[in-house]
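Residues 17 to 178 (this note's numbering) are what the sequence shown spells out, left to right.
Cβ coordinates follow ideal geometry from the N, Cα and C atoms, glycine included.
Note that the structure is a prediction, hence the values are computed from the model and not measured.
What follows is a single structure, written as structure tokens, with notes after it.
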Amino acid sequence: IAVIYGANVDNGNIKFWHERTESSKWRWILFDFDMAFRYPEHDTVADVFNPEGTGSDNMFSTVIQMGLLQNQDFRAQFLKRFAYHMKNTFEPQHVCDLIDKLAGEIEPEMERNYTKWKGSMSTWRSCITKMKDFFVQRPENAKKFIQQYFHLTDTQMKEYGF
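This is the structure we're talking about:
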């Protein structure tokens, strides 16, 4: 959901972990999002659920997610969870406030960063604005792509919580 919502065009990079106990479960780690939050109009739903594969040159298998979507209970849970995260985790004002908070925390260090590695504060501020613009523009696009891919009516979209 995060990869799709964030329109990560460099998806497929996978890491996972588990505790070193016999009964522990493997868990995914979300990482490598440097190509996310840039293209609010990108149809990442079609990318992630492409039967030919996903990521650069479709090099990452989509067998797991395509198989899971065959299960109607999983499909319904996925759609409800996606709608939940759109209204909560990725709610535009919430995310923009968080971006402002985090930017404020690291801004004092950015001058030193650019002195050492080159760049400019104006470019950094522009990137922050673009990221916030992404979260303002993404909801309608994400809903449209979900509705198209899953062939949902407006009524079904409401039933899932969109």
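Option nearest residue i by Cα separation, candidates the options
i      : options                           : result
Ser153 : Gly22, Ile17 and Ser72            : Rather than Ser, the amino acid found at residue 153 in this sequence is Gln. Among Gly22, Ile17 and Ser72, the Cα nearest to that of Gln153 is on Gly22.
Ile17  : Gln163, Ala99, Cys112 and Gln172  : Ala99
Tyr165 : Asn66, Asp48, Arg36 and Tyr55     : Asn66
Pro124 : Leu114, Arg141 and Val111         : Arg141
Glu156 : Lys134, Ile115, Tyr55 and Ser138  : Tyr55
Ile8   : His110, Pro108, Ile144 and Gln109 : Residue 8 lies beyond the residue range present for the chain, which begins at 17 and ends at 178; the question has no answer from this structure.
Ala158 : Ile80, Gln88 and Pro108           : Pro108
Glu68  : His58, Glu57 and Gln81            : Gln81
Met173 : Met102, Val111 and Met126         : Met102
Gln163 : Glu127, Phe94, Thr37 and Arg36    : Phe94
His167 : Thr70, Gly71, Ala92 and Arg36     : Ala92
Short Cβ contact (8 Å threshold) for residue i with residue j
i      : j      : result
Trp44  : Phe32  : yes
Thr78  : Val19  : no
Ile115 : Lys148 : yes
Ala62  : Phe161 : yes
Leu84  : Phe90  : yes
Nearest-angstrom Cβ-Cβ length linking residue i and residue j, presumed shorter than 8 Å
i      : j      : result
Gly177 : Lys117 : 27 Å between Cβ atoms; not a contact.
Asn74  : Met51  : The pair is not a contact, with the Cβ atoms about 16 Å apart (cut-off 8 Å).
Phe47  : Asn29  : 7 Å
Tyr130 : Ser138 : Not confirmed; about 10 Å, so no contact.
**Q.** Uninterrupted alpha helix (DSSP H) stretches inside the region 108 to 144 (no shorter than 4 residues)
**A.** 108 to 133
Q) Can you give, in chain order, each stretch of the alpha helix (DSSP H) that sits fully within the region 29 to 90 and has at least 4 residues? A) 60 to 64 and 79 to 85
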